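All residue numbers for the sequence shown refer to the numbering used here, where the first residue is 1 and numbers rise by one. Ideal placement from N, C-alpha and C gives every residue a C-beta, glycine not left out. None of these values were measured; they are calculated from a predicted model. All remarks here apply to the structure that follows.
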Amino acid sequence: MGRAFWDPAAGLYGMFDVWRFKGCDSVVSSGLGGGSLIYANVLLRKDERWFVHDQPLPGGGYESWPVSRADLDPHYDAVEAMLGATPYPLSRAPFDDTPKTHAMQDAAAELGLECSLPPLAVSFASQPGAEPGLSLPIVDAGYGNVHGVGRRTCRLCGECDIGCNEGSKNSLDHTYLSAAAHHGADLRTGHEVKAIRPRAGGGYEVDYVRHDVTAEAKRPPLRTISCDRLVLGAGTYGTTFLLLRSRAAFPGLSDALGTRFCGNGDLLTFLLKAKDRNRVRPLDASRGPVITSAIRLPDELDGVPGAGRGAYIEDGGYPSFVDWMVQPFDMGDQIERAVRVLWQRFTEFFRDAPDTNLGAELSELIGDGALSVSSLPLLGMGRDTADGRLLLKDRRLAAEWTTRTSEEHFQRVRKTMQGIADVLGADYADNPMWFRKRVITVHPLGGAPMGAHADEGVCDAFGEVFGFPGLYIADGAAMPGPVGPNPSLTIAAFADRMAERMLETTAAQRRAAGGTGAGPVAGTGSPQGNGSAYAPDPGSLTAIGGSPEDAGRTSLSFTEEMKGHLTLGVSEPRAGETAGDREPFSFRLTITADDAARFLTDPEHTARAEGWIEAAGCGGRRPVQRGWFNLFAPAGGQDRRVMKYRLHFTDGAGRPRTLSGQKNVLHGPPTRIWPDTSTLYVRLYEGHLTEDQEPGAAVTGAGVLHIQLTDFARQLTTFRTVGPDGAGTLLEFGRFFAGELWEVYGPDLT
1 MGRAFWDPAA GLYGMFDVWR FKGCDSVVSS GLGGGSLIYA NVLLRKDERW
51 FVHDQPLPGG GYESWPVSRA DLDPHYDAVE AMLGATPYPL SRAPFDDTPK
101 THAMQDAAAE LGLECSLPPL AVSFASQPGA EPGLSLPIVD AGYGNVHGVG
151 RRTCRLCGEC DIGCNEGSKN SLDHTYLSAA AHHGADLRTG HEVKAIRPRA
201 GGGYEVDYVR HDVTAEAKRP PLRTISCDRL VLGAGTYGTT FLLLRSRAAF
251 PGLSDALGTR FCGNGDLLTF LLKAKDRNRV RPLDASRGPV ITSAIRLPDE
301 LDGVPGAGRG AYIEDGGYPS FVDWMVQPFD MGDQIERAVR VLWQRFTEFF
351 RDAPDTNLGA ELSELIGDGA LSVSSLPLLG MGRDTADGRL LLKDRRLAAE
401 WTTRTSEEHF QRVRKTMQGI ADVLGADYAD NPMWFRKRVI TVHPLGGAPM
451 GAHADEGVCD AFGEVFGFPG LYIADGAAMP GPVGPNPSLT IAAFADRMAE
501 RMLETTAAQR RAAGGTGAGP VAGTGSPQGN GSAYAPDPGS LTAIGGSPED
551 AGRTSLSFTE EMKGHLTLGV SEPRAGETAG DREPFSFRLT ITADDAARFL
601 TDPEHTARAE GWIEAAGCGG RRPVQRGWFN LFAPAGGQDR RVMKYRLHFT
651 DGAGRPRTLS GQKNVLHGPP TRIWPDTSTL YVRLYEGHLT EDQEPGAAVT
701 GAGVLHIQLT DFARQLTTFR TVGPDGAGTL LEFGRFFAGE LWEVYGPDLT
């Protein structure tokens, strides 16, 4: 264990990277596969209603997610397929003999809570669809694995968090990284990035050192690699630390750097000495994967008044070989002695690395006798408050964060855990750190959050850093707040979405240059770095970015948010806006013209609309399945234009609905420009309708939406182009927009 930590200055190259901060301590990973090497395999999607927008934070500012569940769902699907997501096969022998899982189900049923078997990135069968079994050879996925060693299915040893030696855990080294290596990617271990900076003429330079893990610690020489595009995936701490340390090289980098830090509500507690009618109730935490079940605590956003912020409680586990070592510590005054001795030894061992100290946690954990056959760790997590900050102090990473602003969350989770203990006849024990109101988090998030604009986040909803094209963030640092459940799947889906956007951009650039799409992805390597890369074949690029005849086209997109009120059962928008039983209604749309030149010359000026609508009467936030937008479409005269919106979605009961909206741009004084272009009159119809089908169709509701000034300011920062003439396209769009307004309102000025 003494060699299992990461601290190159002390000659340590292990995979546990431990950070100690004010208010919390963190255990993360350093290795080929990142956090997946030591995580507990859980692949839960972020709950749809938990993608909050403009939720106030105690110290000012807002938690705001510029992506929705609808944005991420296809990428959740892709990641789950790649990682082989499957629930624990509790109904099949020998997996049915897992006491801790049955205990969690019993407790949830008694407490009236929802308990599930979450999807896990673990192979229980030799291939998808096959019968599960212990230690079966796993069929190769077609790209081998970077270790060149055969893999076997889970043998229920509880070693997930210390590295699975069977290969049954579908960590990134066995999946994405092995596939990348198979297709020619250059994977380099033992390399530590020290600084990054923009490269003259575009692209980026990366300073790094290469550690010799077989030699005594020494200062390796600084090297540099150059690239056209740079993706940061060093984790919440590593990525934020790197950006903070390199900040001087990035003038204009968002002031949001370091903000929105949180621990995803992590809380570790223990159930001790469980009994059933005065007999020991075995929980056997070491049998099975580390986590097999999840109890969900509802959120007030789910429509449960007074529930507070949502959370999950999951069973924990540990390797079975630890049992013999910790049993003797479950006795009286030996606990205190064990804590003192282990603390002294570990702090002495890490005296030169104060940021990397797991001693207190390990000693107190073991000293409490928390690990025994009738005991079980419980892992809580949820929507804590993302009001922490990461910063530099004496060139070291520091965190300012406290449990106080999330007190209600932690108390709710602790109270529920105590209820689980009562049901199982167990003693409840807090983490020994809790009396100092400290937590241990394995899910740090934030520090370089995504946002709708540079005042709100460091990067956009696709991970690209504002003001620095080609610089991306693909890890937990980009999360603008807590995910709620285990965040690994959401981070991976976000990264998958980012990668798809990068491919689209690359395809468009190649088409603009007259290329076919074949060959290496531009900029992933250069002669300086001897990098190599793999690009999909031309057919796949065509499928993502369009057909070869699209060459030379430039796309234009922007994001618009509108809010107002709607009343069900009325058909006139103004009546729906003022009715006594009206309800809040809003949408957030990304408008995209795939060919901006055609969009500007098309008489109807039609673009596609993607995003979501939100209204309680429609089932909450609902994704737009298909959407159309018309900018300044003709309306029967030179002095009148309309902006039209048509959105197809399904409500909470699965019924098809159409939102039809219109902004009326009419001849009048210039003072009318703002109210006319910022007011949308909407009707909801049954079914998915075309414009021609509206007359006589059943109207289910009506209302009025507006653009707020703050939202309009954000909208101006969301304009994006992809293609060979981005600047020219924006200029032409601006001329068109101003010209249309002049046609309508200009006569009053002459």
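Our two residues, G627 and H605, have alpha carbons roughly 14 Å apart in a direct line. Taking the Cα of L44 as reference, the smallest distance to any Cα among V458, E504 and D77 is reached at D77.
Where V423 is concerned, there is no enclosing beta strand (DSSP E), although the alpha helix (DSSP H) around it starts and stops at E407 to V423. No Cβ-Cβ contact shorter than 8 Å links R621 with T650. Here R49 really is in contact with D302; their C-beta atoms are around 6 Å apart, less than 8 Å. Around the beta-carbon of Q693, fewer than 16 other beta-carbon atoms lie within 10 Å, marking it exposed. Between I420 and L271, the gap from beta carbon to beta carbon is short of 8 Å. Of the residues P469, S286, A579 and F558, the one whose Cα lies closest to the Cα of A607 is F558.
In this structure, the straight-line span from the alpha carbon of F587 to that of D581 is close to 20 Å. For L283 and G481, the gap between their C-alpha atoms comes out near 34 Å.
Within the same chain, S123, P137, I138, N145, E166, G167, S168 and H174 come within 8 Å of R151 by CB-CB distance, once the 5 residues on both sides are set aside. Between L172 and I291, the C-beta gap is not smaller than 8 Å, which leaves the two residues out of contact. As the crow flies, the alpha-carbon of P669 is around 11 Å from that of P675.
Cβ neighbours of D725 within its own chain (closer than 7 Å, five residues either side excluded): T554. By the criterion of at least three beta-carbon pairs nearer than 8 Å, the segment 695 to 707 is in contact with the segment 569 to 583. Bounds of any alpha helix (DSSP H) do not take in A448, whose DSSP letter is neither H nor E. The segment 182 to 194 makes contact with the segment 202 to 213, as at least three CB pairs between them are under 8 Å. In this structure, the beta-carbon distance from E400 to L600 does not fall below 8 Å. Secondary structure note for F599: its alpha helix (DSSP H) is the uninterrupted segment A596 to T601. If you keep only unbroken alpha helix (DSSP H) runs of at least 4 residues inside the segment 672 to 744, you get 673 to 677 and 709 to 716. Counting along the chain, A478 sits inside no alpha helix (DSSP H), nor does DSSP assign it H or E at all. Under the three-state reduction of DSSP output, Q105 falls in the helix class. Beta bridge pairing from DSSP links D276 with R279. The continuous stretches of alpha helix (DSSP H) do not include G34, and DSSP gives it neither H nor E. Counting C-beta atoms within 10 angstroms of its own C-beta, A179 has 16 or more neighbours from the protein chains shown and is therefore classed as buried.
Listed in chain order, the alpha helix (DSSP H) runs fully inside the segment 234 to 302 are 235 to 245, counting runs of at least 4 residues. For E614, there is no enclosing alpha helix (DSSP H); the residue is found in the beta strand (DSSP E) stretching over T606 to A615. Straight-line measurement puts the Cα of R735 at about 20 Å from the Cα of R672. Assigned with DSSP and collapsed to three states, K46 falls in coil, not helix or strand.
Counting the other Cβ atoms within 10 Å of the Cβ of M1 gives fewer than 16, which makes it exposed.
The beta-carbon distance between L647 and I591, rounded to whole angstroms, is 12 Å. This is too long to meet the 8 Å contact definition. Excluding the 5 residues flanking it on each side, L471 has same chain C-beta neighbours closer than 6 Å at L230 and V465, in chain order.
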